[in-house]
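Worksheet for the structure shown next.
Numbering (our numbering), first residue to last: 9 to 139.
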């Protein structure tokens, strides 16, 4: 198409780009090929997005399982401190002082579940970006 006077600019009516891009072939428009390459890029972005989502879900499922295990460890420790250890000692006929290690073990189990976290009292960590 040609813009009216005084402009006179020639452009492709399909994609509104310059007519000079047609390189002399009035019926050959490369716009479809350009759309196809853009679609391929979009398709690749979708694949990458899907892979990122799957990776996120993978880690999120493990994080929720880890959180549930931590809650169970805390519940077990509370039960042990709330009289469970006394009951166990009476059942097996052992003195309570010999079973104190069990309470410590359950406490360590809970602490180990939190091993990935930095304690709030820890000194700040300096992170230096590589050059």
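Ideal Cβ placement from N, Cα and C applies to all residues, glycine included.
Everything numeric in this text was worked out from a predicted model, so none of it was measured.
**Report entry** contact_flag[the region 49-61, the region 88-105] where n(CB pairs < 8 Å) is 3 or more
**Finding:** no
Query raised in the report: So, helix, strand or coil for residue 122, using DSSP?
Result: Within the chain shown, residue 122 is the residue found at index 114, counting from 1. The answer is coil: DSSP assigns residue 122 none of H, G, I, E or B.
Query raised in the report: If you follow the alpha helix (DSSP H) that residue 99 is part of, which residue opens it and which one closes it?
Result: As a first step, residue 99 is located in the chain shown; it is residue number 91 there, counting from the start. 93-100 is the extent of the alpha helix (DSSP H) around residue 99.
Report task. Please name the residue, chosen from 104, 122, 19, that lies closest to residue 89 on a Cα-to-Cα basis. Result -> In the chain shown, counting from the first residue as 1, residue 89 sits at position 81. When only C-alpha atoms are compared, the closest one is 104.
**Report entry** residue 12 to residue 18 span [Cα, whole Å]
**Finding:** Position 4 of the chain shown, counting from 1, holds the residue named residue 12. Position 10 of the chain shown, counting from 1, holds the residue named residue 18. For residue 12 and residue 18, the distance between alpha carbons rounds to 10 Å.
Report task. Can you tell me which of the three DSSP states residue 12 falls into? Result -> Numbered from its first residue, the chain shown carries residue 12 at position 4. Here residue 12 sits in coil by DSSP.
**Report entry** Same chain, Cβ closer than 8 Å to residue 122, five either side skipped, listed in chain order
**Finding:** As a first step, residue 122 is located in the chain shown; it is residue number 114 there, counting from the start. Answer for residue 122: 78, listed in chain order.
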